[in-house]
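Take 1 as the starting number for the sequence shown in full-length UniProt numbering and just add one per residue. These notes are about the structure you will find just below.
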Amino acid sequence: MVSEPLRVLIDSMIFDAIAAADDLLQDVDRLTSAGRLQLLADTVSVEQVARTPDEYHRARLRRVRVLVVPPVPESDPAVMVLERCRGVDLDDALIAAAAWAARVPLVTADRDLRAAAATILPDLEQWTWADDLQPRIAALAADLPPAPRRRRQAR
Numbered sequence: 001m002v003s004e005p006l007r008v009l010i011d012s013m014i015f016d017a018i019a020a021a022d023d024l025l026q027d028v029d030r031l032t033s034a035g036r037l038q039l040l041a042d043t044v045s046v047e048q049v050a051r052t053p054d055e056y057h058r059a060r061l062r063r064v065r066v067l068v069v070p071p072v073p074e075s076d077p078a079v080m081v082l083e084r085c086r087g088v089d090l091d092d093a094l095i096a097a098a099a100w101a102a103r104v105p106l107v108t109a110d111r112d113l114r115a116a117a118a119t120i121l122p123d124l125e126q127w128t129w130a131d132d133l134q135p136r137i138a139a140l141a142a143d144l145p146p147a148p149r150r151r152r153q154a155r
């Protein structure tokens, strides 16, 4: 029996958390290839990744495999209300609204955004990296067959 993939929308801070470790990047790659994980991202997060000044870091962030969801219009009522909340800018509001529109959990470490979304979008499920997504990725990866070992080529 094939189960539905784990689907969540991540912000750019979560790109950083995943890209921080080679084993996480490999697990995410294997899980997305196996259809067990779908990391969604709003166009805002993808643009933030593209603006990362350090070339090496930007390349690592781009290795995080995501599906880009359609953007929510800036004129969306939820976006306009979220943007007026303390510590929430337009980019944050668009990311939260995209998760809400996609009906998937929002994974973010942004406390101000989490607080505002809890009030404005109470039916939006919110996750953190350490407590929610990271352990789920680890559990899903443990269920996969071991990754093939790459042989080093002689030089």
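The C-beta atom is built at its ideal place from N, Cα and C for all residues, glycine as well.
{"Asked": "Ser12 classed as buried or exposed, judged by whether at least 16 other C-beta atoms fall within 10 angstroms", "Found": "buried"}
{"Asked": "Per-residue DSSP class, three states only, for Ala50", "Found": "helix"}
{"Asked": "Close-in-space but distant-in-sequence residues of the same chain around Asp76 (CB under 7 angstroms, 5 per side omitted)", "Found": "Ala97"}
{"Asked": "Collapsed DSSP secondary structure at Leu144 in the structure displayed", "Found": "coil"}
{"Asked": "N- and C-terminal bounds of the beta strand (DSSP E) containing Leu133", "Found": "Counting along the chain, Leu133 falls outside any beta strand (DSSP E), and DSSP gives it neither H nor E."}
{"Asked": "Within 8 angstroms, strictly: CB atoms of Ile10 and Ser45", "Found": "yes"}
{"Asked": "Buried versus exposed, by CB contacts within 10 Å (16 or more), Val104", "Found": "buried"}
{"Asked": "Simplified DSSP assignment, three categories, for Arg7", "Found": "strand"}
{"Asked": "DSSP three-state assignment for Val79, whether helix, strand or coil", "Found": "helix"}
{"Asked": "Spatial neighbours of Thr108 in its chain, beta-carbon cut-off 6 angstroms, leaving aside the 5 residues before and after", "Found": "Asp11"}
{"Asked": "N- and C-terminal bounds of the beta strand (DSSP E) containing Leu39", "Found": "37-41"}
{"Asked": "Buried/exposed call for Leu82, threshold 16 Cβ in 10 Å", "Found": "buried"}
{"Asked": "Sub-8 angstroms separation of Val69 and Ala102 beta-carbons", "Found": "yes"}
{"Asked": "Anticipated Cβ contact below 8 angstroms, Pro71 with Asp42, distance rounded", "Found": "6 angstroms"}
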